[in-house]
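> Sharing a structure with you now.
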Amino acid sequence: SAAEAAAGAPLRFPQGPRGGAARLPLPAAVGRSPSPTPRLWCPLGRSHRARLQSPRERGGGGAARSRDWRRGAGLAMALREPGPGGAGEDEGLEDGPDRCLSLLPWDRFSAWLHCVCVVGFDLELGQAVEVIYPPHSKLTDKEKTNICYLSFPDSNSGCLGDTQFCFRFRRSSGRKVSLCCFLDQLDRDLPVYLKKDPAYYYGYVYFRQVRDKSLKRGYFQKSLVLISKLPYVHLFRTMLKQIAPEYFEKSEAFLEAVCSDIDRWPPPIPGKILHLPIMGVVMKLRIPTYRDKPGTTPIVQNVLQADAQISMALPTVHEVDLFRCFCPVFFHIQMLWELVLLGEPLVVMAPSPSESSETVLALVSCISPLKYCSDFRPYFTIHDSEFKEYTTRTQAPPSVILGVTNPFFAKTLQHWPHIIRIGDLKLPGEVPKQVKVKKLKNLKTLDSKPGVYTSYKPYLNKDEEIVKQLQKGVQQKRPTEAQSVILRRYFLELTESFIIPLERYVASLMPLQKCISPWKSPPQLRQFSQDEFMKTLEKAGPQLTSGLKGDWIGLYRHFLKSPNFDGWFRSRQKEITQKLEALHLEALCNENLVFWSQKHTEVETVDLVLKLKNKLLQADREQLPVKTDTLKKLQAHINDIILALPDDLQDILLKTGTT
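For the sequence shown, the working numbering puts the final residue at 1112, and the numbers step up evenly by one.
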């Protein structure tokens, strides 16, 4: 009752589906109608709105490139009003030729890429960054060094011809936030596993090594590298295939034209069909949103362009060829899923950066739509700035997935508990033979046979059905794309079966609707109790959605200690807290605040006005899930209260902002 809420009575929870008390609605799809494939709601983070920075604060870029801070308003408009180039075919977004005209040069480019680098080999200096474009792009010396070493395969890889791969490295601490932070608002519409990590950059590499007798070294060695915060592996891989071969023929003028094309792209808005022109080819794609049903990819139709340009429809922006990556070890995919889920230290030893990077990305994606919350390095070298940190024997290996190619790592990382040895990623023409898990002591060199080297014993019994299904696909010469779809669906259903009981338990921690009082702070989420959660598994555990047997309890106990649980729960906690804040705002709007102010002193009324103004600021800053009408109504309440006060107080309060 209202009286109990006002008196601060303890929160009460219903006994079950027949209980009478109403639970607050979750900001997720926990209570949606059942479907053949159980749906998992993933947390959606709300990023704070970025603040405007002056050119001096941003580190500048020269007088020729300096930008007025007011262009931030143009970027904010770009978020609300997509620019030309996108088709506006989805999510009700519309285009117009006059949108985003206040954007200055390189603003659109910065929404997709930080910069483009060309890394060459100098006989005296070794690897060196030859070109950074646009010229005003900022990279620290440490970042440049990392890019240099990560952009070239190890000498033992023997990568003749053209090779594509990607890497990931830490941004230098203390760097100024770039202006594209305005576009971070788009993050709130992305699935959690595609959200940018501000602490890392991705590097997408196209490396060419060919014989050239005119050079002292006898080889032409150069890499074209795209540096971006976005994890859109397939998009940038496709893009490099289009531009890199021509760049190596035409050099820097061509690179400038490429960057100019990118600077005409619309912002990377999730849920919208985008047309991205690049040197005569138009890439048509759609970035997923958190509203998409997990495991589904809306089809992007390939249509003829009116201006006769070649159109290329991308089926995905971020997915890798899952079956091709797991093919050498697909008898152990379920165990690998457990290791990734639990955040165990993993090393992938491969013959080239291409194989190592694709396999690491496949491992990270196998627990989707959960986000892998630990560090992962698709390609890692002995020159990496974190080499000592990750290879030290003075402490237990960290929760990280490393992709390596240098034989030196076979000795350096022998103490790591789980090592995957990958051979050449070629699809087999016949059914692979059953391979047992190997003991770590048998891994002595990088030439050891492909397989999984670990003493780990899986919690769950092996699912023979998925292995038979994939084997049958190999026998029937089923396309690798179809095999990947089967494998991705298997991982999705396994992850959902695991996470649904956790979602259901967190839903039970929500306070009751009646506990929200406009005159008290919003109630908090009840504390997560491991013992209480474990008790729910007997009747509402994964057995409801999965036929797999095994020690599910042991798997949950291990998971609750992992970085992936910590990241998942923090995100859910934040989302639910914001929902409670939003409901508290609605409760305030439904009160007669003017009537309340008339019964209280001027000091109390002024205090209320200031608190309400701060509430509005919080809703805007944290992007709370509040209807616009609610905010307008609250603002009207504030205005009405102020107008009922004496003139001198009115002047002060109308001029007073929020803190």
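C-beta: ideal position from N, C-alpha, C; glycine also.
Using 8 Å for Cβ pairs, my map puts T998 next to I939. What's the rounded Cβ distance?
Incorrect: roughly 18 Å between the Cβ atoms, too far for contact.
> With a threshold of 7 Å on Cβ separation, who are the neighbours of L814 within its own chain once the five nearest residues in sequence on each side are excluded?
Correct list, in chain order: V686, V773, P831.
> Whole-angstrom Cβ separation of I726 and K737, contact assumed at under 8 Å?
That pair is a contact at about 7 Å.
> Grab me the residues of Y700's own chain with a C-beta within less than 7 Å of its C-beta, minus the 5 sequence neighbours each way, in chain order.
These residues qualify, in order along the chain: L677, F707, L708.
> In the DSSP assignment, find the unbroken beta strand (DSSP E) run with V582 in it and report its ends.
579–586 is the span of the beta strand (DSSP E), which, as asked, contains V582.
> Please classify W972 as buried or exposed, where buried requires at least 16 neighbouring CB atoms within 10 angstroms.
Exposed, since its Cβ has fewer than 16 Cβ neighbours within 10 Å.
> Looking at C-alpha atoms only, which residue of M692, S704, D745 is the closest neighbour of H728?
Minimum Cα distance to H728 is reached at M692.
> Between the Cα of A992 and those of F1018, Y958, R1010, spot the shortest distance and give me the residue it belongs to.
Correcting the residue identity first, residue 992 is Lys in this sequence and not Ala. Taking only the C-alpha atoms, the option nearest K992 is Y958.
> Round the Cβ separation of H567 and Y654 to the nearest angstrom and send it over; I've been treating them as touching at under 8 Å.
Contact flag correct, Cβ pair sits at about 6 Å.
> Alpha carbon to alpha carbon, what distance is there between Q977 and D1104?
Each residue's alpha carbon lies about 37 Å from the other.
> Can you give me the C-alpha to C-alpha distance between G733 and L767, rounded to a whole angstrom?
If you take the alpha carbons of G733 and L767, they lie about 16 Å apart.
> Between the stretch 799–818 and the stretch 852–869, do at least 3 Cβ pairs fall closer than 8 Å?
Short answer: they touch.
> Quick one: what's got a C-beta closer than 6 Å to V905's C-beta in the same chain, skipping five residues either side?
The answer, listed in chain order, is V782, H785, I873, V890.
> By the three-class DSSP mapping on this structure, what secondary structure does T907 have?
T907 falls in the strand class under three-state DSSP.
> Taking one C-beta from the stretch 813–829 and one from the stretch 556–575 each time, how about it: are there three or more such pairs within less than 8 Å?
These segments do not touch.
> Counting only runs that start and end within the stretch 792–858, where is the beta strand (DSSP E) found for 3 or more residues in a row?
Segments of the beta strand (DSSP E) lying fully in the stretch 792–858: 799–802, 828–830, 853–857.
> When you compare each of D916, K703, S937 to T769 by their alpha carbons, which one comes out closest?
Among D916, K703, S937, the Cα nearest to that of T769 belongs to S937.
> Is Q867 helix, strand or coil when you go by DSSP?
In the structure shown, Q867 sits in coil (DSSP, three-state: anything other than H, G, I, E or B).
> Tell me where the beta strand (DSSP E) around T616 begins and ends.
614–623 is the span of the beta strand (DSSP E), which, as asked, contains T616.
> So for Q662, helix, strand or coil by DSSP?
Residue state, collapsed to three classes: strand.
> For K575, which residues does DSSP report across the bridge?
Per the sequence shown, residue 575 should be read as Asp rather than Lys. Note: D575 sits in a beta bridge opposite G579.
> Sort Q980, L592, L947 by Cα distance to A960 and report the nearest one.
Of the candidates Q980, L592, L947, the one whose C-alpha sits nearest the C-alpha of A960 is Q980.
> What are the boundary residues of the beta strand (DSSP E) that F673 is part of?
672–681 is the span of the beta strand (DSSP E), which, as asked, contains F673.
> Using the Cα positions of S604 and F660, report the straight-line distance between them to the nearest angstrom.
Each residue's Cα considered, the two are about 7 Å apart.
> Of the residues D607, R561, I680, L775, which one's Cα is nearest the Cα of F861?
Nearest option by C-alpha distance: D607.
> In three-state DSSP terms, what is H728?
Strand at H728.
> Nearest to F951 by alpha carbon, out of Q922, K921, L913?
That would be L913, whose Cα lies nearest to the Cα of F951.
> Can you find the residues in the same chain that come closer than 6 Å, C-beta to C-beta, to L1036, ignoring five residues on each side of it along the sequence?
Excluding residues within five positions, the ones whose Cβ falls inside 6 Å are I969.
> Is the stretch 1043–1053 touching the stretch 1091–1106 in the sense that three or more CB pairs, one from each, lie closer than 8 Å?
These segments touch.
> At what residue ranges does the stretch 990–1053 contain a whole run of the alpha helix (DSSP H), taking only runs of 4 or more?
Correct list: 1005–1012, 1016–1042, 1046–1051.
> Quick one: using the 10 Å Cβ neighbour count with 16 as the cut-off for buried, is A803 buried or exposed?
Buried, by the Cβ-count rule.
> Closer than 8 Å is the cut-off here; do at least three beta carbon pairs connect the stretch 1022–1038 with the stretch 1070–1079?
Contact between the stretch 1022–1038 and the stretch 1070–1079 is present, because at least three Cβ pairs lie under 8 Å.
> Would you mind working out which of N1017, Q966, T989 sits nearest A1040, comparing C-alpha positions?
The option with the nearest alpha carbon to A1040 is Q966.
> Does the separation of the CB atoms of P684 and H771 fall below 7 Å?
A contact, by the Cβ cut-off of 7 Å.
> Specify, as a first and last residue, the run of the alpha helix (DSSP H) that V927 falls within.
Unbroken alpha helix (DSSP H) run through V927: 917–928.
> Sort out for me which residues DSSP pairs C568 with in a bridge.
C568 pairs with I680.
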